[in-house]
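Undergrad: The structure under discussion is supplied below as C-alpha cells; questions concerning it will follow.
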Amino acid sequence: KDLAELNKNPNAYESVNANFLFTKAQLSAIGLNPNGNRFNNMQMLQQEATYSEVTAPGDKYFAEGYVRNNWSAYSGCLNQIQLVINETRKDPANINKLSAARIWRVYIVHQLTDLYGDIPYTEALKGREGKYQPKYDLQSDIYKDMFKELEESAVAFDASKPTFGNSDLFYDGNTVKWKKFAYSMMLRLGMRLTKIDAALAKTWVEKAIAGGPITEDADLTRAPYADGGLLSNRNPFSEQMRVLDYVDGQNPLNVQGSKISQRFIDHLKGNSTTTKDPRLNVISVLWVKQPTGGYIADTATALQKGMKNAQFNGYPADFETYSEPNPNTVMRYDAPVIVMGAAEVHFLLAEASIRGWYAGNAATSYNNGVTSAMKQWSLYGAGGAISTDKVTTYLKYNPFLTAGTFEQKLEQISTQRWVLGYLDQIENFSNWRRTGYPVLIPTN
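Residues 445 to 888 (my numbering) are what the sequence shown spells out, left to right.
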C-alpha cells in the first residue's frame, strides 16, 4: 500500500477538465506537423521549390519522417478530443460541448484518413479497455461514420444549454457557427467522393447545402494567434518558416534552400490573356540588397520570380533573385490559421452546380469564392488587404468559363482552390489528388 501511494503523482488531475482540454485539442490539431505539411505537400504541389534534397525534399523526393509525423495525432490531439467526448457524454446538459467535440474529431480524423487511407478508428484510443493493437478500418467505412457524426452533431445543438464559451478558440461557443462548420465539413467530405461513389457524394453534398454551410466571411473557422516571446502563442506555420528557413534578408543563408516556385509565381502573374492575381503582392516578396547594406522586402510585381522545381545542381548562382513568402503577411506570428472559410464553400458550391447537384449559379459561386479568397487575406495584417477594385478587375479578365466544358470548369475551380490552399496544405493535397487540377509537371 505504501509503495502504491509512493507511485501516485500527487499533482496529477483526478478528472478531465473538458474546457481546458478542448482548447488544447484545437491547438494541437492545427499545429500538427507544420514542417511535414509544408516541406512535403507544398513542394509536391509545386508552390514551393528547393535546390536541396535535405531537409526540404518534397518537390523531388519522399521523406518518410515528415509524412509519419501526422501519426502523432493518436497520442496528441485525437486522444485529447476523445477524452473531451468521453467526459461530456456523462451529462446530457453538455450536448453543445459534446457536439462541438464530435465535429472537431471529424476534422482531425478526415485529415488522417485522407493522408493515410485505412487507419485505426473504431478500436483506436481504447488502451484502457485493453485494445493495444487496434484494427485498421476501411477508409470507406470511416467516411460513412464521419458523415453520421456530422449529421447527428449538427442537429443536436441546443441554444438553452451551456457551451465551451471562451475555451472555444474558433467561435467562443457560438452554436450557430459550429453548425455551419459541420455542414461545411460535410460538403467538403461529400465532394471528396465524386470519383469513388458519385451517388453517395451527391446525397451528402445536397444534405450539406440544405443544412447551411459557411457562406459569409464573418463565419469562417479560424484560430487566433499572437506575437510575442511565448512560442506557443505564435502561428505554428509562421514560426517554423522563420526559424527553419526564411530568415529575413538572409538569402545566402537560407538553410533549407527553399523559395516560392516558378509554377506558382507564373500563375499569379498571369499572362497576355489574363491579369495579375493581386494575391501575388500579398504572398510574395523579393529581398533586395541595399547599397548601404542589408535587405528590404519588395513586393513589386516585376521583381517576383519563382524557382524551378527541378533544381538538382546545388546552390543556384542566382538564388537571391527568387521570391520568398512575405514576412508581413504569410509569416506574421499573429496571423490566424483558417480552418474552413467561405471561399472554399463557394468553390464547392460552384462545383456542385456544374455537376447538377446545386440549383445556384456556378459563375456566381465562383465569383464569390474568388472574392472571399482574396478578401480573407486582410486577416493577415494591413499588407494583406486587397481592394474591391482589384478583385473586380481580376474577375473581369479571368471570368468563369460559363461556355466551357465540364473539365474546363472543374480545372478553373480547382486551380482557384490550389491558390486558396497555399496555407492549408493537407486539404490542398487532398483536393488536388481528387481532381488532378491544376495539371502539374513532375520533376524529372
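The beta carbon of each residue, even a glycine, is placed where N, CA and C say it ideally should be.
Note that the structure is predicted; figures quoted are calculated from it, not measured.
By alpha-carbon positions, which one of A796, F791, W876 ends up nearest to I892?
TA: One cannot answer for residue 892 here, as it falls past the ends of the chain, which runs 445 to 888.
Undergrad: Nearest by alpha-carbon distance to G701: which of F483, S822, F464 is it?
TA: For the purposes of this step, residue 701 is identified with residue 257 of the sequence shown, where counting begins at 1. With distances taken between Cα atoms, G701 lies closest to F483.
Undergrad: Assess, as a yes-or-no matter, whether the segment 617-635 is touched by the segment 781-790 under the definition of 3 or more beta carbon pairs within less than 8 Å.
TA: yes
Undergrad: Tell me which residues share the same chain as S705 and place their Cβ nearer than 7 Å to its Cβ, disregarding the 5 neighbours each side in the sequence.
TA: In the sequence shown, the residue the question calls residue 705 occupies position 261. The residues are Q490, Q491, E492, A493, G750, M751, N753.
Undergrad: CA-CA distance, S584 and F873?
TA: Counting from 1 along the sequence shown, the entry for residue 584 is found at position 140. Counting from 1 along the sequence shown, the entry for residue 873 is found at position 429. Whole-angstrom Cα-Cα distance: 19 Å.
Undergrad: With G945 and N513 assumed to form a contact (beta carbons below 8 Å), what rounded beta-carbon distance in angstroms separates them?
TA: Residue 945 cannot be examined here, being either before or after the span of the chain that is shown, 445 to 888.
Undergrad: For W876, which residues of its own chain have a beta-carbon under 7 Å away from its beta-carbon, when the five flanking residues on both sides are left out?
TA: In the sequence shown, counting from the first residue as 1, residue 876 sits at position 432. If we look at W876 and ignore the five residues flanking it on each side, its Cβ neighbours are L489, W862.
Undergrad: In whole angstroms, give me the CA-to-CA distance for N770 and T859.
TA: Reading the sequence shown from its first residue, position 326 is the one you call residue 770. Reading the sequence shown from its first residue, position 415 is the one you call residue 859. Roughly 22 Å between the two C-alpha positions.
Undergrad: Which same chain residues end up closer than 7 Å to N610 when comparing Cβ atoms and leaving out the 5 residues on each side of it in sequence?
TA: Numbered from its first residue, the sequence shown carries residue 610 at position 166. Counting only Cβ-Cβ distances below 7 Å, and skipping sequence neighbours, we find D616.
Undergrad: My parser needs the beta strand (DSSP E) runs of 3 or more residues fully inside the segment 759-816; what are they?
TA: 781-784
Undergrad: Have a look at the DSSP bridge pairing and note the partners of R735.
TA: Taking the sequence shown and counting its residues from 1, one reaches residue 735 at position 291. One point to set straight first is that residue 735 is Pro, not Arg, in the sequence displayed. According to DSSP, which records beta bridges pairwise, P735 is partnered with nothing at all.
Undergrad: Compare the Cα-Cα distances from V649 to each of L675, S797, N725 and report the closest residue.
TA: By 1-based counting over the sequence shown, the position of residue 649 is 205. It is S797 whose Cα lies nearest to the Cα of V649.
Undergrad: Just to confirm the assignment: which complete alpha helix (DSSP H) runs, minimum length 4, are found wholly within the segment 635-683?
TA: 642-655
Undergrad: In this structure, how does DSSP classify D581 when only helix, strand and coil are distinguished?
TA: Counted from its first residue, the sequence shown places residue 581 at position 137. DSSP places D581 in strand when its eight states are reduced to three.
Undergrad: Quick check on F844: buried or exposed, where buried means 16 or more other Cβ atoms within 10 Å of its Cβ?
TA: Residue numbering aside, residue 844 sits at position 400 when the sequence shown is read from its first letter. Buried.
Undergrad: Exposed or buried, T717, counting other C-beta atoms within 10 Å across all chains shown (16 or more means buried)?
TA: Stepping through the sequence shown from its first residue, residue 717 is reached at position 273. Per the 10 Å Cβ criterion, exposed.
Undergrad: Spatial neighbours of T532 within its chain, please: CB distance less than 7 Å, with the 5 preceding and 5 following residues excluded, ordered by chain position.
TA: Along the sequence shown, read from residue 1 onward, the residue named residue 532 stands at position 88. Excluding positions up to five away in sequence, the list reads A462, N538, K541, L542, A545.
Undergrad: Give the straight-line distance between the Cα atoms of G435 and M590, rounded to the nearest whole angstrom.
TA: Look at the range of the chain in this structure, 445 to 888, and you will see that residue 435 is not part of it.
Undergrad: Distance, Cα to Cα, P886 vs A803?
TA: On the sequence shown, residue 886 is found 442 positions in, with the first residue counted as 1. On the sequence shown, residue 803 is found 359 positions in, with the first residue counted as 1. Each residue's Cα considered, the two are about 37 Å apart.
Undergrad: According to DSSP, is E567 part of a helix, a strand, or is it coil?
TA: Taking the sequence shown and counting its residues from 1, the one referred to as residue 567 is at position 123. It is coil, neither helix nor strand.
Undergrad: Quick one: what does DSSP say K703 is sitting in, helix, strand or coil?
TA: Taking the first residue of the sequence shown as 1, we reach residue 703 at position 259. Strand.
Undergrad: Could you give the uninterrupted runs of the alpha helix (DSSP H) lying entirely in the segment 479-558, keeping only those of 4 residues or more?
TA: 508-512, 521-532
Undergrad: Would you check if there are 3 or more beta carbon pairs closer than 8 Å linking the segment 596-610 to the segment 760-770?
TA: In short, these stretches do not touch, since the Cβ pair count stays below three.
Undergrad: Please work out which residues of its chain come closer than 6 Å, Cβ to Cβ, to A829, disregarding the five sequence neighbours upstream and downstream, and give them in chain order.
TA: Within the sequence shown, residue 829 is the residue found at index 385, counting from 1. Only S822 meet the Cβ criterion.
Undergrad: Given a threshold of 16 other Cβ atoms within 10 Å of its Cβ, counted over all protein chains shown, does S472 qualify as buried or as exposed?
TA: Along the sequence shown, read from residue 1 onward, the residue named residue 472 stands at position 28. S472 should be labelled buried.
Undergrad: Helix, strand or coil for D742 per DSSP?
TA: As a first step, residue 742 is located in the sequence shown; it is residue number 298 there, counting from the start. The answer is strand: DSSP assigns D742 an E or B state.
Undergrad: Under 9 Å, do R878 and A817 count as touching if we go by C-beta distance?
TA: As a working note, residue 878 is residue 434 in the sequence shown. As a working note, residue 817 is residue 373 in the sequence shown. For R878 and A817, no; Cβs fall outside 9 Å.
Undergrad: Give a yes or no on whether the C-beta atoms belonging to Y495 and P668 are separated by under 9 Å.
TA: What you label residue 495 is simply residue 51 of the sequence shown in a count that begins at 1. What you label residue 668 is simply residue 224 of the sequence shown in a count that begins at 1. No, these two residues do not count as a Cβ contact at 9 Å.
Undergrad: How would you call R707, buried or exposed, if buried means at least 16 neighbouring beta carbons within 10 angstroms?
TA: Residue 707 sits at position 263 when you count from the first residue of the sequence shown. Buried, by the Cβ-count rule.
Undergrad: Would DSSP call L904 helix, strand or coil?
TA: Past the edges of the chain, shown from 445 to 888, lies residue 904, and the structure says nothing about it.
Undergrad: Taking the alpha helix (DSSP H) that S858 belongs to, which residues open and close that run?
TA: Numbered from its first residue, the sequence shown carries residue 858 at position 414. Residues 850-864.
Undergrad: Could you please give the first and the last residue of the uninterrupted alpha helix (DSSP H) stretch that includes F873?
TA: Mapped onto the sequence shown, residue 873 falls at position 429. That run of the alpha helix (DSSP H) goes 869-879.
Undergrad: For L712, which of helix, strand or coil comes out of DSSP?
TA: By one-based count along the sequence shown, residue 712 stands at place 268. DSSP places L712 within a helical segment (H, G or I) once states are collapsed to three.
Undergrad: Given this structure, state the Cα-to-Cα distance separating A517 from P578, to the nearest angstrom.
TA: In the sequence shown, counting from the first residue as 1, residue 517 sits at position 73. In the sequence shown, counting from the first residue as 1, residue 578 sits at position 134. Rounded to whole angstroms, A517 to P578 spans 15 Å at the Cα level.
Undergrad: Name the two residues that bound the continuous alpha helix (DSSP H) containing E458.
TA: Within the sequence shown, numbered from 1, the residue matching residue 458 stands at position 14. Run containing E458: none; DSSP gives neither H nor E here.
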